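The sequence shown maps to residues 1 to 309 in full-length UniProt numbering. Reading through the structure tokens given below for one structure.
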Amino acid sequence: MSAPTTTATSAPQALRRRRYGTLTHPSRTGLALVTPAVALVVVFVFVPLVVAVYISLTNFPLIGPYRFIGLDNYASVLTDPTFWTALGYTLLYTAIVTLPILLLGYGLAVLVRSNRRGATLLRTIFFVPFVIGLTTLSFLMLLEAQPNSGLVNVALKALGITDGTTAWLVDGPLATGLLCVMVVWGVSGLTMVLLMSGMQGIPREVYESAEIDGASWWQRELRITVPMLRRTIAMTVILSVIGSFLAFTQFYILTQGGPGSETTTIVMAIYRRAFVQLQLGAATAMSLVLVVITGLVTAAQFWLLRERS
């Protein structure tokens with residue numbers, strides 16, 4: 001006779017638990033905790049996105065009246081040779097810097113991952129360029145790349161490579177090469193820190209077992225370190241590609257997208273359309289197209305770098 005009583009009394013308790021949560025995790029507490037995060041996402045992500053989509057459907061001129069024009073901005077972007085030229089240059093720049101950043105960051109991580117004497121100092125030295133930031137590095141490079149007086153030309157002249165009068169920033173290929181070297185040097189410190197953290201999380205016993213089995217240093221790196229760092233490597237590559245797609249500061253400071261439009265990235269093209277030509281509607285459409293392209297590239301990277309069983 002006790003079983004029905006237990007069932008009868010447990011049903012209301014289960015119903016109350018579903019309505020109000022448990023005693024230690026009430027539903028209202030969880031709702032209160034997530035509300036600020038949800039509010040921030042709505043205010044700073046969804047609302048600006050909706051406004052941007054609306055502006056992209058108008059001929060918004062930044063200053064003055066505007067009207068709704070539908071998809072005309074998108075049709076203009078997709079047939080604009082300037083957009084595709086800038087996108088092509090951005091892809092070229094991304095292809096040039098991504099692998100060197102990964103390889104240099106990996107090499108630096110291998111160098112400083114141990115706790116031997118001097119490792120902390122080396123980590124600090126290698127990470128300082130990233131802390132300084134690309135803005136400061138770009139202004140420094142603007143001074144050091146000057147003909148005759150800049151350190152770049154002075155050093156190359158002392159090595160007998162050039163005559164010391166090379167105008168790096170007024171030649172498209174030379175400016176691109178200089179920018180790529182500066183970016184690789186400035187960003188590799190972050191890759192080093194991320195990979196070093198992953199390397200330090202690999203159990204030492206795994207390396208010791210491989211060493212006992214006769215594995216060389218290269219074999220341990222290729223067959224232990226790299227496979228176990230797959231997720232970290234994927235993350236660093238994705239961050240590097242996204243950062244390259246959104247590159248603007250270093251190009252704006254050093255070349256202004258010139259000479260002509262030889263070093264104009266896609267973000268530089270969007271900036272010119274919005275704040276030079278005062279076509280904010282078209283620039284917003286370009287920005288949304290860039291968001292879609294970046295999302296597709298990132299999704300492709302996730303698929304290519306996924307862990308395969």
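Cβ atoms here follow ideal geometry from the backbone N, Cα and C, with glycine treated the same way. The model shown is predicted, which means the values in this text are computed figures rather than measured ones.
Residue burial classification, residue 47 (beta-carbon count within 10 angstroms, cutoff 16): The sequence position of residue 47 within the sequence shown is 47, counting from 1. So residue 47 counts as exposed.
Within 10 Å of its beta-carbon, does residue 284 have 16 or more other beta-carbons around it, so buried, or fewer, so exposed? As a first step, residue 284 is located in the sequence shown; it is residue number 284 there, counting from the start. Label assigned to residue 284: buried.
So, with DSSP's three-state summary, where would you put residue 68? What you label residue 68 is simply residue 68 of the sequence shown in a count that begins at 1. Three-state result, residue 68: strand.
Just the Cα atoms here: how many angstroms apart are residue 225 and residue 202? Taking the sequence shown and counting its residues from 1, one reaches residue 225 at position 225. Taking the sequence shown and counting its residues from 1, one reaches residue 202 at position 202. Their Cα atoms are separated by approximately 8 Å.
Between 95, 33 and 170, which lies nearest to residue 180 when the distance is taken from Cα to Cα? In the sequence shown, residue 180 corresponds to position 180, counting from 1. For the residues 95, 33 and 170, the minimum Cα distance to residue 180 belongs to 95.
Local Cβ density within 10 Å of residue 54, reported as buried at 16 or more and exposed below that: Position 54 of the sequence shown, counted from the first residue, corresponds to residue 54. That one is exposed.
Using 10 angstroms around the beta-carbon of residue 327, count the other beta-carbons present and answer buried if the total reaches 16, otherwise exposed. Not covered by the structure: residue 327. The range shown for the chain is 1 to 309.
Excluding the five sequence neighbours on either side, which residues of its own chain have a C-beta within less than 8 Å of the C-beta of residue 86, listed in chain order? Numbered from 1 along the sequence shown, position 86 holds the residue referred to as residue 86. Counting only Cβ-Cβ distances below 8 Å, and skipping sequence neighbours, we find 261, 264, 265, 266, 268 and 269.
Proximity below 8 Å, CB of residue 70 to CB of residue 78: For the purposes of this step, residue 70 is taken as the residue at position 70 of the sequence shown. For the purposes of this step, residue 78 is taken as the residue at position 78 of the sequence shown. Contact: no.
Between which two residues does the alpha helix (DSSP H) harbouring residue 49 extend? Position 49 of the sequence shown holds residue 49. Residues 47-56.
Exposed or buried, which one is residue 378 when buried takes at least 16 other CB atoms within 10 Å? Because the chain here runs from 1 to 309, residue 378 falls outside it and cannot be looked at.
Whole-angstrom distance between residue 256 and residue 288, CA atom to CA atom: By one-based count along the sequence shown, residue 288 stands at place 288. By one-based count along the sequence shown, residue 256 stands at place 256. Answer to the nearest angstrom: the Cα atoms are 23 Å apart.
Under a three-way DSSP split, which group does residue 62 fall into? Within the sequence shown, residue 62 is the residue found at index 62, counting from 1. Here residue 62 sits in coil by DSSP.
Counting Cβ pairs, one atom from each stretch, are 3 or more of them under 8 Å apart for the stretch 180-189 and the stretch 113-133? yes
Rounded to the nearest angstrom, what separates residue 2 and residue 31 at their Cα positions? Here residue 2 corresponds to residue number 2 of the sequence shown, with the count starting at 1. Here residue 31 corresponds to residue number 31 of the sequence shown, with the count starting at 1. Note that residue 2 scores a pLDDT of 48, beneath 50, so its modelled location is shaky; the value from the coordinates is reported in the next line. So the alpha carbons of these two residues sit roughly 38 Å apart.
Taking only the alpha-carbon atoms, compute the straight-line gap between residue 219 and residue 305 and give it to the nearest angstrom. Sequence index remark: in the sequence shown, residue 219 carries index 219 (1-based). Sequence index remark: in the sequence shown, residue 305 carries index 305 (1-based). Straight-line Cα distance between these residues: approximately 21 Å.
Taking residue 173 as the reference, which of 64, 235, 93 and 247 has the closest Cα? In the sequence shown, the residue the question calls residue 173 occupies position 173. Here the closest residue by C-alpha is 93.
For residue 199, which option in 75, 108 and 276 has the closest C-alpha, if you only look at C-alpha atoms? Residue mapping note: residue 199 aligns to position 199 of the sequence shown, counting from 1. Ranking the options by Cα distance to residue 199, first place goes to 108.
Exposed or buried, what is residue 233 when buried is set at 16 or more other beta-carbons lying within 10 Å of its beta-carbon? For the purposes of this step, residue 233 is taken as the residue at position 233 of the sequence shown. Per the 10 Å Cβ criterion, buried.
Identify the continuous alpha helix (DSSP H) that holds residue 208 and give its terminal residues. For the purposes of this step, residue 208 is taken as residue 208 along the sequence shown, with counting starting at 1. Note, residue 208: alpha helix (DSSP H), 204-212.
Given residue 184 as reference, the closest of 116, 244 and 252 once Cα atoms are compared: Locating residue 184 in the sequence shown gives position 184, counting from the first residue. Out of 116, 244 and 252, 244 has the C-alpha closest to the C-alpha of residue 184.
Round the Cβ separation of residue 235 and residue 194 to the nearest angstrom and send it over; I've been treating them as touching at under 8 Å. Start at 1 with the first residue of the sequence shown, and residue 235 comes out as number 235. Start at 1 with the first residue of the sequence shown, and residue 194 comes out as number 194. Correct: roughly 7 Å between the Cβ atoms.
Please report the Cβ distance between residue 102 and residue 241, rounded to the nearest whole angstrom; I am assuming they are in contact, meaning their Cβ atoms lie under 8 Å. Position 102 of the sequence shown, counted from the first residue, corresponds to residue 102. Position 241 of the sequence shown, counted from the first residue, corresponds to residue 241. The Cβ separation is near 10 Å, so there is no contact.
Outcome for residue 178 when other beta-carbon atoms lying within 10 angstroms are tallied against a minimum of 16: Reading the sequence shown from its first residue, position 178 is the one you call residue 178. With 16 or more Cβ atoms within 10 Å of its Cβ, residue 178 is classed as buried.
Exposed or buried, residue 166, counting other C-beta atoms within 10 Å across all chains shown (16 or more means buried)? The sequence position of residue 166 within the sequence shown is 166, counting from 1. Buried is the call here.
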